[in-house]
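Per this note's numbering, the sequence shown starts with residue 30, numbered consecutively.
Cβ atoms here follow ideal geometry from the backbone N, Cα and C, with glycine treated the same way.
Everything numeric in this text was worked out from a predicted model, so none of it was measured.
Below is one structure; the comments refer to it alone.
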Amino acid sequence: MLVGAPPTTPNHSFLLALIPFVISNLTELVREIRLEKSKEKDLVRPLDQRLRVSRANRRLRVLGEEIPWGDTGFDYVIESSGVFTEQDKVVAHLKDSAKEVIISATSKDAPLIEIVVNEHEYKADLDIVSNASSITNCLASFVKIIHDKFGIVEDSMTTVQSLTAT
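Written as structure tokens, this is what we have:
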């Protein structure tokens, strides 16, 4: 989960999380986070409709419905619902103050920027980019290094995934 390691610099903070599939059971979500991060049991705690992130001493607003565009004040959106992966669907995030949207899934039409593989292709004027899927992020850097060093003629990959809300 993205809030597992929030930025601690004064120039960056998480403002809002839209979690439509789990908002009704925020306490259960936090329990699951605590199980995964057992060494840091007080890292995240439920507080009304917010998550309190201890290490950063910040509160993250959690919504289960549409984002109130006018009063968020965010600059960057990480679209990780799995539902909106095409530019025409995520462009709504650019309303008001958002400057850039990063799609955390493979997109049919957004430029794909993968760290180690092609981050040099990122241009400041791109306002929507895809950072591929978690599987791609785990594999692409590793494969690129091996290919550059030894060459890969053909490969095959098998993954096992659980069901998600999307």
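- Here F113 is buried, its C-beta having at least 16 other C-beta atoms within 10 Å.
- Using a 10 angstroms sphere on the CB of A153, the tally of other CB atoms stays under 16, which defines it as exposed.
- When DSSP states are grouped into helix, strand and coil, I175 belongs to the helix group.
- Distances from the alpha-carbon of E129 to those of N147, F103, D117, V146 put F103 closest.
- Under the 8 Å Cβ criterion, the stretch 138–150 does not count as touching the stretch 175–183, having fewer than three qualifying pairs.
- When the beta-carbon positions are compared, A127 and Y105 come within less than 8 Å of each other.
- The DSSP-derived three-state label of V120 is helix.
- Per the coordinates, the alpha-carbon of K137 lies some 12 Å from the alpha-carbon of S162.
- Assignment of beta-bridge partners to Y105 by DSSP yields E129.
- Partner residues in the beta bridge of S159, as assigned by DSSP, are I132, L141.
- In this model, K118 and G111 are separated by some 12 Å (Cα to Cα).
- Judged by DSSP in its simplified three-state form, A169 adopts helix.
- If you check the CB distance, Q116 and I157 come in under 8 Å.
- About 7 Å separates the CB atoms of I131 and E108; that is less than 8 Å, so the two are in contact.
- Going by beta carbons, S170 and A139 fall outside the 8 Å limit.
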